[in-house]
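Engineer: Under full-length UniProt numbering, the letters of the sequence shown match residues 1 to 99, in that order.
Each residue gets a CB set at the ideal place from its N, CA and C atoms; glycine is no exception.
Quick caveat: nothing in here was measured; it's all calculated off a predicted structure.
Just dropping this structure here.
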Amino acid sequence: SREKYTNTFRLLEAELYKMKHQLDDASRKSILYKKQLELAQTTYQLMVQEFVSGISDLTNVIQVQRQFLDYQLKNVEAIVDYNTMAVSIQRLISFKDTE
């Protein structure tokens with residue numbers, strides 16, 4: 001019984017470390033995509049100005065806009081991953097005493 005308890009404890013501990021790593025990874029991704037979003041927004045604004053000035057064509061503006069939308073999606077996915085891991089960790093570490 002003690003051995004079973006120890007094995008279960010180690011499995012739960014390993015799962016917790018894995019989830020913590022995934023939580024940290026999702027956090028880093030979100031920070032990265034927020035920075036990428038800022039850069040893409042600036043690039044998009046410059047491309048629109050170039051388009052209005054006749055320097056650039058509409059294809060370039062659309063391409064940059066797609067990139068901006070892609071970063072937005074990836075950022076939202078990273079936030080979802082972060083929240084999912086946070087809930088999973090909370091569920092793992094919470095317990096109800098059944099005795």
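Hey, quick one: how far does the alpha helix (DSSP H) through S27 stretch, first residue to last?
Structural biologist: R2 to S53
Engineer: Should N75 be labelled buried (16 or more other beta-carbon atoms within 10 Å of its own) or exposed?
Structural biologist: buried
Engineer: Count the other CB atoms within 10 Å of the CB of V80; is the residue buried (16 or more) or exposed (fewer)?
Structural biologist: exposed
Engineer: Apply the 10 Å Cβ neighbour rule to A14 and answer buried if 16 or more other Cβ atoms are within range, or exposed otherwise.
Structural biologist: exposed
Engineer: Can you give the Cα-Cα distance for Y44 and R28, rounded to whole angstroms?
Structural biologist: 24 Å
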